[in-house]
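K.L.:
If you read the sequence shown in numbering that gives the first Met the number 0, its first letter stands for residue 0, the second for the next number, and so on. For reference, the structure I am asking about is given below.
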Amino acid sequence: MLGNCAVNLRQLEIFGAVMSTGTTVGAANMLNVSQPAVSQMILHMEDQLKFKLFHRLRGRLVPTQEANLLYERAKRVFEAFDSTNFVVEQIKGNLIGELRLVCTPALGNAVLPLAIARFRKPRPEVKVSLELGSLDYVSNSVETGRADLGVHYVPDEHPLFQRVKLGDVSMVCVLPKDHPLATKRVIEPTDLADQPFISVSPADPIGAVIRNAFKQANIDLELAVEVRYHYTSRDLVALNQGIALVESYLLLSAHRYPELVFRTFRPQIVTTAEAVYLKNRPLGAIAQLFLEDLRATCDNILEHEEARVHLS
Numbered sequence: 000m001l002g003n004c005a006v007n008l009r010q011l012e013i014f015g016a017v018m019s020t021g022t023t024v025g026a027a028n029m030l031n032v033s034q035p036a037v038s039q040m041i042l043h044m045e046d047q048l049k050f051k052l053f054h055r056l057r058g059r060l061v062p063t064q065e066a067n068l069l070y071e072r073a074k075r076v077f078e079a080f081d082s083t084n085f086v087v088e089q090i091k092g093n094l095i096g097e098l099r100l101v102c103t104p105a106l107g108n109a110v111l112p113l114a115i116a117r118f119r120k121p122r123p124e125v126k127v128s129l130e131l132g133s134l135d136y137v138s139n140s141v142e143t144g145r146a147d148l149g150v151h152y153v154p155d156e157h158p159l160f161q162r163v164k165l166g167d168v169s170m171v172c173v174l175p176k177d178h179p180l181a182t183k184r185v186i187e188p189t190d191l192a193d194q195p196f197i198s199v200s201p202a203d204p205i206g207a208v209i210r211n212a213f214k215q216a217n218i219d220l221e222l223a224v225e226v227r228y229h230y231t232s233r234d235l236v237a238l239n240q241g242i243a244l245v246e247s248y249l250l251l252s253a254h255r256y257p258e259l260v261f262r263t264f265r266p267q268i269v270t271t272a273e274a275v276y277l278k279n280r281p282l283g284a285i286a287q288l289f290l291e292d293l294r295a296t297c298d299n300i301l302e303h304e305e306a307r308v309h310l311s
């Protein structure tokens with residue numbers, strides 16, 4: 000705003016092009032418009048501003064002192080406009096933004112770090128926050144809008160959530176490498192009779208399924224340690240505290256535990272990993288892209304699951 004005379008952005012753009020190229024022809028070429036349109040816009044600006052912007056000398060445009068002063072101030076506008084255009088392009092390309100994730104610890108320690116790293120590799124400017132918590136915490140965070148996306152194993156149906164299946168996850172047996180059972184390719188409930196066993200609580204849905212598998216086989220588990228999370232079971236096995244069944248996603252970090260082996264367990268115990276978000280608040284572009292990447296990451300992990308078990 001100059002006094003009571005408003006100069007719009009298009010006028011400033013044309014004025015800046017003339018100043019930077021030195022001619023109306025050069026400005027017209029730069030902006031892909033006609034030379035008469037540029038000349039007309041400059042004359043209109045001068046009429047609005049009530050002062051000369053250029054002297055016309057032998058077919059050349061020589062900026063006035065006022066024009067030079069205006070141009071110096073206008074550069075800030077041009078820079079801001081360029082910056083805004085850059086941000087717009089970044090947003091259109093889904094290269095910037097924020098993503099808020101909440102996840103149960105088992106998946107949060109095994110799968111989410113890999114998925115986040117894969118997603119951010121081409122998008123280093125995307126800011127991701129990841130919180131780990133109980134199933135109730137995940138549900139509450141998504142329901143109250145504190146998180147864009149929640150990831151967990153299948154709970155009860157929630158009327159507010161859109162559910163996206165990520166994959167079926169089987170339980171595998173983890174035991175010390177020097178344990179006599181390590182020579183077997185498949186572990187069955189009868190193999191674990193009288194073995195010190197480490198398990199998640201039966202209050203946990205997976206813990207209940209594990210207990211039921213042994214009950215169906217008429218095997219009484221010798222429970223040595225009860226834990227809340229499967230990765231704790233794995234760590235206790237590494238400390239020779241017993242044998243455990245853990246979700247196969249933990250095979251991602253199997254290379255960190257050379258003292259352990261992972262074996263197929265039969266009968267197969269399967270749970271389903273899923274992502275959830277609010278039905279009445281569709282995912283933004285960044286969250287939608289991450290969800291697609293997360294599904295691909297889970298598919299890739301599960302595809303190689305059997306090979307990882309046999310090669311461990």
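A virtual CB, placed ideally from N, CA and C, is assigned to each residue, including glycine.
(1) Which residues in the same chain as K176 place their Cβ atom closer than 7 Å to its Cβ, once the five residues preceding and following it in sequence are excluded?
(2) Measuring CA to CA, which of A202, V150 and P188 is closest to F213?
(3) Any contact of the segment 112-119 with the segment 226-233, i.e. 3+ C-beta pairs under 8 Å?
(4) So, are the CB atoms of F273 and H151 less than 8 Å apart?
(5) In angstroms with no decimal places, state the Cα-to-Cα distance between V6 and L60.
(6) Below 8 Å on the Cβ atoms is my guess for A27 versus S33; work out the distance and round it to an integer in Å.
(7) For N108 and Y248, I'd like the C-alpha separation in whole angstroms.
(8) Can you list, in chain order, the stretches of the alpha helix (DSSP H) that have 4 or more residues and sit fully within the segment 128-186?
(9) Where does K126 sit, in a helix, a strand or coil, going by DSSP?
(10) Quick one: which unbroken beta strand (DSSP E) runs of 3-plus residues sit fully inside the segment 29-114? Chain order, please.
(11) Taking the Cβ atom as the reference point for each residue, do V269 and V171 lie within a distance shorter than 8 Å?
(12) Taking the straight line between their C-alpha atoms, what separation do you get for R55 and A79?
(13) Below 6 Å CB to CB, which residues in the same chain sit around V185 once its five sequence neighbours on both sides are set aside?
(14) Is G25 helix, strand or coil by DSSP?
(15) When DSSP builds the beta bridges, which residues end up paired with P195?
(16) I13 to I285, Cα distance in whole Å?
(17) CA-CA distance, A192 and A223?
(18) Would you decide whether A146 is buried or exposed? Buried here means 16 or more other CB atoms lie within 10 Å of its CB.
P.N.:
According to the structure shown:
(1) Result list for K176: E258, L259 and V260, in chain order.
(2) Nearest C-alpha to F213: P188.
(3) Touching, no, given that fewer than three Cβ pairs across the two stretches are closer than 8 Å.
(4) The residue asked about is misnamed: residue 273 is Glu in this sequence, not Phe. Between E273 and H151, the C-beta spacing is below 8 Å.
(5) CA-CA distance, V6 to L60, rounds to 20 Å.
(6) Contact holds; Cβ gap of about 6 Å.
(7) Roughly 9 Å separates the two Cα atoms.
(8) Residue ranges of uninterrupted alpha helix (DSSP H) with 4 or more members, entirely inside the segment 128-186 and ordered along the chain, are 134-142.
(9) Taken through DSSP and simplified to helix, strand or coil, K126 comes out as strand.
(10) Segments of the beta strand (DSSP E) lying fully in the segment 29-114: 53-56, 59-62 and 95-102.
(11) No. Outside cutoff.
(12) Answer to the nearest angstrom: the Cα atoms are 31 Å apart.
(13) Around V185: T263 and R265.
(14) Helix.
(15) Answer by DSSP bridge pairing, in chain order: E221.
(16) Going from the Cα of I13 to the Cα of I285 covers about 36 Å.
(17) The straight-line gap from Cα to Cα measures roughly 12 Å.
(18) Note on A146: 16 or more other CB atoms within 10 angstroms of its CB, so buried under the neighbour-count rule.
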